[in-house]
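As given, the protein sequences belong to chains Y and A, one line each in that order. Just so we're aligned, residue 1135 is where the first sequence starts under my numbering, counting upward by one. Just so we're aligned, residue 1135 is where the second sequence starts under my numbering, counting upward by one. Some notes on the structure that comes next.
Protein chains: 2
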Amino acid sequence: MSDSPIDDLIQTMGLMWSADGGPRIAGQILGYLLIEGEPRTLAQMCEALQISKGSASTNARLLEAKGVVRRVHPVGSRQDGFLAVPNPSHSLLKSVAKRLRVQADEISDISARFPDERADAQRRIADFAEFYRQSADFMDEWTARIGPARGETAQES
Amino acid sequence: MSDSPIDDLIQTMGLMWSADGGPRIAGQILGYLLIEGEPRTLAQMCEALQISKGSASTNARLLEAKGVVRRVHPVGSRQDGFLAVPNPSHSLLKSVAKRLRVQADEISDISARFPDERADAQRRIADFAEFYRQSADFMDEWTARIGPARGETAQES
DNA sequence: CAGTTCGTTCATTCCGTATTGAACGAATTT
DNA sequence: AAATTCGTTCAATACGGAATGAACGAACTG
Chain Y
1135 MSDSPIDDLI QTMGLMWSAD GGPRIAGQIL GYLLIEGEPR TLAQMCEALQ ISKGSASTNA
1195 RLLEAKGVVR RVHPVGSRQD GFLAVPNPSH SLLKSVAKRL RVQADEISDI SARFPDERAD
1255 AQRRIADFAE FYRQSADFMD EWTARIGPAR GETAQES
Chain A
1135 MSDSPIDDLI QTMGLMWSAD GGPRIAGQIL GYLLIEGEPR TLAQMCEALQ ISKGSASTNA
1195 RLLEAKGVVR RVHPVGSRQD GFLAVPNPSH SLLKSVAKRL RVQADEISDI SARFPDERAD
1255 AQRRIADFAE FYRQSADFMD EWTARIGPAR GETAQES
């Protein structure tokens, strides 16, 4: 079991990412690309992280969708390259904000169907949803303040 | 399967909570208490949500630790009562901020051990950690703006 | 002080989903 | 056009942690 700081970081990033509810391998890939600094292929990820080709593809694409990783097509090479986005703050916060907003809408939609005799409960739920919505708003505000990441190409709906 | 808005909300809160990486039952309990508005016992949760006593106890205590739920001791009753905190924003954001800060520290600690020839990687990792730290700061700022929740009694370390 | 009624704990079971590996299509190469 | 070399997909598996329920201690009750 290697204990080099580099491996340690990759391992830790994996644990952190899975603690946040995501696939562990996605965090490991991000850590790996962050360390390497230059585009790496799926095959290189498989070799370095000892994972299957399927996992490498799926999780790299996941990170790409989140805007944390960018895919490049080096001329003269047939394989795709994956590169950690220098400053992923923008994409990361935006995706969190979006999720909060969806959850807020979902909750208030449901509470709108409450029967009249549950007006008090309806208000409490609405207040709760409002907190989610405010949090999303504030995230957007913060996102705007730090500005978009350099070299970002996120195309989420 | 009942489709009343009330049951629907409880179910949805459970799914949302688990989507954020937590136990589904915790979200369901929060939804239930949010709807009821008044203190409810573990036995009532078991009955309403069809869950075991152990789950009720464990998850209620989890919510209590997060400062989202408050425990009360009604005089004359031997059972504890659990009550949804009116405005949990403060506790919720604070716990998120704390986790971000822990993760940021963890990452920069590891990157500090990088060998000299990896100075460039070290800098990228440090930048990444800095983003986490900034996010935590940002959460605290947001927390301060909305002010502490009414009736809060969170005692996290 | 025996008998309840609580809340908590913990070994076990169960379930969701991450991971795998083989199969496939597309694009290249010889 | 056959043969490679890519990336993706998907059914099967493995694994981590959620949920259970029995056991336990503590606090009350009669």
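Note that the Cβ used here is the ideal one computed from N, Cα and C, for glycine as well. If you're wondering where the values come from, they're calculated on a predicted model, not measured in any experiment.
**Request:** Going by CA-CA distance only, name the one from A:Gln-1145, A:Leu-1168 and A:Ile-1163 that's closest to Y:Gln-1256.
**Result:** A:Leu-1168
**Residue(s) in a DSSP beta bridge with Y:Leu-1217** = Y:Arg-1204
**Message:** For the alpha helix (DSSP H) containing A:Ser-1186, name the first residue and the last one.
**Reply:** Element bounds for A:Ser-1186: n/a, residue is neither H nor E.
**Message:** Given a cut-off of 8 Å on the beta-carbon distance, is the pair Y:Ala-1218 and Y:Leu-1164 in contact?
**Reply:** yes
**Prompt:** By DSSP, does Y:Arg-1212 sit in helix, in strand, or in coil?
**Reply:** coil
**Message:** On the DSSP letters alone, give me the boundaries of the alpha helix (DSSP H) that A:Arg-1233 sits inside.
**Reply:** 1223-1245
**Asked** How long is the line joining the alpha carbons of A:Gly-1156 and A:Leu-1197, rounded to whole angstroms?
**Response** 10 Å
**Message:** Can you check which of these residues, Y:Trp-1276, Y:Glu-1275 and Y:Val-1236, is closest to Y:Ala-1263 by C-alpha distance?
**Reply:** Y:Val-1236
**Asked** If you measure beta-carbon to beta-carbon, which residues of the stretch 1217-1234 of chain A are closer than 9 Å to chain Y?
**Response** Ala-1218, Pro-1220, Asn-1221, Pro-1222, Ser-1223, Leu-1226, Leu-1227 and Arg-1233
**Request:** Please compile the residues from chain Y whose C-beta is within a distance smaller than 8 Å of the C-beta of A:Thr-1277.
**Result:** Those within 8 Å of A:Thr-1277 in chain Y number zero; the least Cβ separation is about 10 Å.
**Request:** Within the same chain, show all residues whose beta-carbon is closer than 6 Å to that of A:Ile-1144, passing over the 5 residues directly before and after it, in chain order.
**Result:** Gln-1162, Gly-1165 and Tyr-1166
**Any C-beta of chain Y under 8 Å from that of A:Glu-1172** = no
**Request:** Determine the burial state of A:Thr-1287: buried for a count of at least 16 other Cβ atoms within 10 Å of its Cβ, exposed for fewer.
**Result:** Note that A:Thr-1287 has pLDDT 46, beneath the 50 cutoff, so the model's placement of it is unreliable and no number is given.
**Request:** Using a Cβ-Cβ cut-off of less than 8 Å, give me the residues of the stretch 1136-1163 of chain A that come near chain Y, in sequence order.
**Result:** Pro-1139, Ile-1140, Asp-1142, Leu-1143, Thr-1146, Met-1147, Met-1150, Ala-1153, Asp-1154 and Gly-1155
**Message:** So if DSSP puts Y:Arg-1174 in a beta bridge, which residue, or which two residues, is it bridged to?
**Reply:** Y:Phe-1216
**Message:** Does A:Gly-1161 come out as helix, strand or coil in the three-state DSSP assignment?
**Reply:** helix
**Request:** Determine the burial state of Y:Gly-1210: buried for a count of at least 16 other Cβ atoms within 10 Å of its Cβ, exposed for fewer.
**Result:** exposed
**Message:** Beta-carbon within less than 8 Å of A:Tyr-1266's beta-carbon, same chain only, minus the 5 sequence neighbours each way: which residues are those?
**Reply:** Leu-1234, Arg-1235, Gln-1237, Ala-1238 and Ile-1241
**Prompt:** Straight-line CA distance for A:Trp-1276 to A:His-1224?
**Reply:** 9 Å
**Asked** Between the beta-carbon of A:Pro-1173 and the beta-carbon of A:Gly-1201, is there less than 8 Å?
**Response** no
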